[in-house]
Every structure is written in C-alpha cells, then in structure tokens.
Amino acid sequence: MKARKRTTHRQSALKEPTHRHGAAREDRLGRLYAALSATNEAILRAKSPEELYQRVCDAAVHGGKFAATTVLLADPGEKWVRMAGTTGVSGQVFRELRISVDETIPEGRGLVGTAFRTQRPCITNDYLNDPRLQPWYLKAREQGWNSATTLPLIRGGRSVGVLAFYAFAKDEFDVELVQELERLGENVSFALEKFEQESERKLAEERVQHMATHDGLTSLPNRLMFSRLLNHAIQSASRYGHRFAVLFIDLDRFKIVNDTLGHEAGDELLREVSLRLIGVLRASDVVARLGGDEFVIMVQEVSDPEQVASVARKILSAIIEPVVVRGQECRVTGSVGICMYPAGAQEEHSLMKNADIAMYHAKEQGKNNFQFFSEPIKQQSLERLTLETSLRHALERKQMSMHYQAKVNFKTGAISGVEALLRWQHPHLGMVPPAQFIPVAEETGLIIPIGRWVLQTTCAQNMAWQRAGLPPMCMAVNLSARQFSDENLLSDVAESLECTGMPPELLELEITEGMVMRNIERTIKLLAAIKKMGVRLAIDDFGTGYSSLAQIKRFPIDTLKVDRSFISEIAENPGDRAITQAIIAMGKTLSLTVVAEGVETREQETFLREHACDEIQGYYFSKPIPADQFAELLRQHVPAP
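Quick note on the working numbering: the sequence shown kicks off at 282 and runs consecutively.
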C-alpha cells in the first residue's frame, strides 16, 4: 500500500484548479468576492474588534458558503486560544476544542498554532487524513469538515489570533481561493490596526481628560472637577430639597514635615492623608485636593449638622494618626471648616468661600478642630481681611513705630538694657495690639520686611541716643518664628549693623524656647553664626518649651528671660515660685544673665531680688514708651561711673 503524502506546508496542501471543477470554482470565487465585499462593509460598519469578528464570520459563511468560519484569539501570556466570533456552528463547538499556539504540545501544532507562529496561511485539503489535526478528528467528523484554512490576524506586527475557514468538501482551498482569503485576512488585520490606533487615541484623550480633572499626586478630583460635581449637587439639591455640606480641610504643621524631611516625604504624607479621607467617607461623598495641603469634601444628602459634625470628627481622627514617612514617624492635624447647603450658602462660590472662612476660624481656635460657618465668623473674617490689607501698607504709610521698655539691674538699680517693641497706629482702628497683628504678619510673610525695618530702626535709634550723650544700651529685638527660619536673617542683621554703625555687642536677638527646640541641629548652626558676628542671644518666654538643662547648654546664648506667666502669680502660687527659682538656678549654673519679664508688683520684685535674679522688666519700673520719653528716663537712671 502506498503511503499517503503529508500536506505539511502551503504549496503541497493547495490544489491547482481542474477543468472538471472549473464551474464550481468559478461559483465559489464569485461568492467569495461577494463575501469580500460584505467583509469590507463589515469593517466600515463595525464599532469594535468584537463586532468586526462576528460580522466577518457572518459574511464568510453566508456569502462564501463555507461550512463554518471562526475567529480564535490568543491573549498575551496565554497558550490556549479563545473563540471571539463564529458562524456556521454553535459557539459551543469551538469552546469544546482545545486549541493552542504552543508548539511544544500536539494541540499547538495544528493549523491554528502554525499560522499564529509563522504569520502565514496554513491549509489542509484532507482534514481527516492530516496527521497534524489528529487531536480534532472526532469533532471534524461530527461537523463534516474535510478541508480548512487558517489565516493569521496581525496587529502591531504581532499575531493576536487566526481567522479559520472550514469546508465540507475536500480539496476546497486552491491557490486562487486562498489568495483571495489572504486578502480578506489582510483587510481584517488592517482594520484591527485602525481599531488599535483609535483605541490609543481615545486612551490618550481619556488620559489628558483625567489629567485635566484630577490631581496628579493623589489622583483625587482637582478643583475643576470638584467645581463640576458641586454645581451638579446644587442643582440636584435645589430640585429635590436635599441638604449637603462642603468641608474645607487644611493640614496643620504640614510645612514643618515638608521643610524638615523634604518634598518627597511631603508628597508621601499627602497621598496617605488622601487615602484616609476616602476611607472615612461614603461612596456617594466626594473628596478633592485643591492644591498644597488643602482638601475639600462634599458630604451628600445630610439630615442635620450633627451628622456632618460626626464626619468631621472622623476626619480629624484619621488625620492625626501617626504616619511613618522615610522611617520617621510624623503627626499632622487638620483644621476643618464647614458650610451647609442651603443654610450657609446656595451657590458654588459662596459655599467654597464660607467653608474656607470657617476653616481659618478653626485654625484661630487652636487648630485640630472643626467649625461651622456663621455670620459672626464671617464678620471676624472680614475684619481680619481688612487688617491684612492695611498691614500691607503700614510701613510705607509710616504707621509703624517702636516703643522701648527698660531692663533694670538689681545690683545697681540702673537701666542696663532695653527691649524694642513694635507698635501699629492705624488711622481708623487706632492702636492695634501686637497680639492681633503679629500673627497676621507671620501668616502672610509680611513679618520679614517688617522685621527688617525693626532691626534697622532700633539700631539707628540706639546710635542716635549715644550721639545725644546717653550711655550705650544693649538693644533687645524679638525675632518671630518666620524670621528665624528666613534664609536672609544673617545678612539682614549684618546690614542693619553696618548701615547704622552700631557695635554688634549692643544688639541682643530674642528667640522663644519653642523656636530653638523645633530643629535643634539647624538652630545650633544658626546661633553659632550669629554669635560669630558678635551679637548677643536671649531665649524669651523660658520655661514654656519643656527644654532641659542638657539641651539649653548646647546653645550659645547669653540671657534667659523667665516667662511672664510664672511671674504674674509668683506671690500666690508655690508652683510658679518653684519654677522661677529653678530657672534662676539654671541660669546661674550656665553663667547666663537671667531676666524676669512682666514684673508689676513690689511682691514680685522682692521675691526676684531675694533669689538673685539679675534683671527685671515690666510695668513696676516702666511700661514701653516712645524713643524720646525713653531718652528722658535713661537720663534719670544713668549708671554711676
């Protein structure tokens, strides 16, 4: 018996047309051309690859009269194909066939796997006698298939699947027929390329749209997106009578983390906070990042303010939980302002503005709390805005002045120094207390130019007193936290001394205990640089910052000033007396000058004298007075030669 010739490649599998089959072939080609036309129309009409696959299968079977046509896809990383479209048989037929693109297994060495790997057509004209197709003989016999062709589907230069045609007759796929089918397969591959390009274009558009409406760091909605959602909520609430709340959130102490650990650590903290905010809200609520450390939340459909207050408490609890950033445990708190719709405001701008006003009120109330917007709060905010606006012009309009308070030496009874104190005489508000405008100057950064003016003015005044025949005085000038962290501080001090000609040892810079404890290593370097200039250093408000003797002795300071809170009740409060005695003893141990501020009574003065305090300052001797009055006071208390 002759061995049957194997049909293992395209040329040996294809049959040239014979005269006997010419009429049938012409008829088949005619139908195939119709199928090609239908396929091209399917390509034009299909809205997705899935729709295209099914339309192509329909056109091939109904127009080309094939027994069955199917599209089989091989997903990336998968060795088994899946059916994406079929006509001529039920989809279950191809779901039952185990067909692979893996050449190492029999199911991957058939027509499908070969066409997929070679990216060339693979044909058999005698299906049931083709040894490559043995795994599928039973199913082919059941369906009556006797010949088949598979064409690779290529997208982006790689195979994604095959288009398979099955015929009832043997020798169905001759050269010309396969060439036409190749055209059909190429058209489908071309359409897939277009779909991919369109998909990439849409993906790029979606990415751009997402970037335009979402925060790049946290992926939360941004200000633009929140504005859209808020306006939609306003329309819906107005129509159905619902109530909702806008919560404005600002992180307290975030700048310290950002400045100390770096911007990357700050970004990591913001991402963690955003996840925590999402975690405490309902799916219907919205949280957005407005920028920096500001977030805004919309709590939908609330019944009463207490429900919103409960959400605010959860937010504060979530924020205050410690966060480990770059191996460093950090804690921040939040200040939350709340505006209710419709009670607090009824349109977008007012809702946002009023929630912001309430948030600032929360900060003024000590931070780490929430406040509801109200008309009194709004009035306070307007007053603060007026104050800030006026403060910006106070220097240029010459509304700022300096008052001077004497420090008296216990041993000699003479004035041994003076502290410069800033005053603001507003044309309409009158004398604005420092406790009212200094925090505003700190927050707005106006304290930097104001502080520079104070340095130059006080140094110039000291030299003016000397030119008038008065003795040299050590001039104490307070530095704010913002000034102390300003990178231009050293140059500002040097410039003030140089332009006025005041000896550096006559200048004493006062900083608070809390300021020096914030970043000890930086503080030590900065204070060393100031001391190198010859300027004296004092720690103001000592006793309130929880520093120890071991810490204080690391700083190159000259003076300790006992905080007035300990002095005010020293006659009645044993605890205050004990603390004051301890501070004086500490100062003596470190060879520092100890000054008690806020001394107002004889009892206070007597106690401090008995416990060897070096100097006192306060209303008991003199309140802060203008420069000319201080000159007269100084003449009356000139130290003995």
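Idealized CB from N, CA, C, for every residue including glycine.
Do the CB positions of residue i and residue j come within less than 8 Å of each other?
i           : j           : result
residue 576 : residue 567 : no
residue 896 : residue 861 : no
residue 819 : residue 840 : yes
residue 570 : residue 510 : no
residue 880 : residue 864 : no
residue 614 : residue 534 : yes
residue 425 : residue 493 : no
residue 836 : residue 882 : no
residue 499 : residue 555 : yes
residue 612 : residue 603 : yes
residue 390 : residue 376 : no
residue 608 : residue 639 : no
residue 507 : residue 622 : no
residue 365 : residue 442 : yes
residue 811 : residue 774 : yes
residue 523 : residue 486 : no
residue 930 : residue 557 : No answer is possible for residue 930: the residues shown for the chain start at 282 and end at 922.
residue 484 : residue 436 : no
With H, G and I counted as helix, E and B as strand and the rest as coil, what does DSSP make of residue i?
i           : result
residue 705 : strand
residue 905 : coil
residue 687 : strand
residue 734 : helix
residue 842 : strand
residue 382 : coil
residue 286 : With a pLDDT of 38 at residue 286, under the threshold of 50, the modelled position of this residue cannot be trusted; read the value that follows with caution. Residue 286: coil per DSSP, three-state reduction.
residue 779 : helix
residue 338 : helix
residue 814 : coil
residue 652 : strand
residue 301 : Here residue 301 scores only 42 on pLDDT, less than 50, and its place in the model should not be relied on; the value that follows carries that caveat. In this structure, residue 301 counts as coil in the three-state DSSP scheme.
residue 894 : coil
residue 697 : strand
residue 265 : Since the displayed the chain opens at 282 and closes at 922, residue 265 lies outside it and no answer follows.
residue 627 : coil
residue 873 : coil
residue 712 : strand
residue 667 : helix
residue 363 : strand
residue 610 : strand
residue 851 : coil
residue 393 : helix
residue 562 : coil
Excluding sequence positions up to five away, which residues of its chain have a Cβ less than 6 Å from the Cβ of residue i?
i           : result
residue 395 : 403
residue 712 : 706
residue 815 : 785 and 786
residue 445 : 351 and 431
residue 749 : none
residue 913 : none
residue 335 : 366
Per DSSP, what are the beta-bridge partners of residue i in this structure?
i           : result
residue 495 : 502
residue 586 : Note: residue 586 sits in no beta bridge, so no partner.
residue 755 : 698
residue 531 : 575 and 616
residue 823 : 843
residue 419 : For residue 419, which the question treats as bridged, DSSP gives no partner whatsoever.
residue 746 : The partner list for residue 746 (beta bridge, DSSP) is empty, contrary to what the question assumes.
residue 567 : 579
residue 371 : According to DSSP, residue 371 bridges with nothing at all.
residue 350 : 368 and 446
residue 600 : According to DSSP, which records beta bridges pairwise, residue 600 is partnered with nothing at all.
residue 622 : 525
residue 682 : 704
residue 788 : 756
Starting from the C-beta of residue i, find all residues in its chain whose C-beta is less than 8 Å away, skip the five residues before and the five after it, and write them out in chain order.
i           : result
residue 271 : Nothing can be reported for residue 271: it is not among the residues displayed for the chain, which extend from 282 to 922.
residue 562 : 568, 578, 580 and 592
residue 823 : 794, 841, 842, 843, 844 and 864
residue 714 : none
Going along the chain, which residues of its own chain have a beta-carbon closer than 7 Å to the beta-carbon of residue i, five neighbours each way excluded?
i           : result
residue 552 : 498 and 499
residue 857 : 847, 850 and 851
residue 884 : 852
Specify whether the stretch 322 to 329 and the stretch 354 to 361 touch according to this definition: at least 3 beta carbon pairs, one from each stretch, less than 8 Å apart.
In this structure the stretch 322 to 329 does not touch the stretch 354 to 361; the number of beta carbon pairs closer than 8 Å is below three.
Would you check if there are 3 or more beta carbon pairs closer than 8 Å linking the stretch 682 to 689 to the stretch 894 to 908?
Flag = yes, the stretch 682 to 689 and the stretch 894 to 908 touch.
Per the contact definition of three or more C-beta pairs closer than 8 Å, is the stretch 730 to 741 in contact with the stretch 795 to 809?
Output reads no: the stretch 730 to 741 does not touch the stretch 795 to 809.
Do the stretch 669 to 681 and the stretch 720 to 734 make contact, defined as three or more Cβ pairs closer than 8 Å?
Judged by pairs of C-beta atoms under 8 Å, the stretch 669 to 681 touches the stretch 720 to 734, as three or more such pairs exist.
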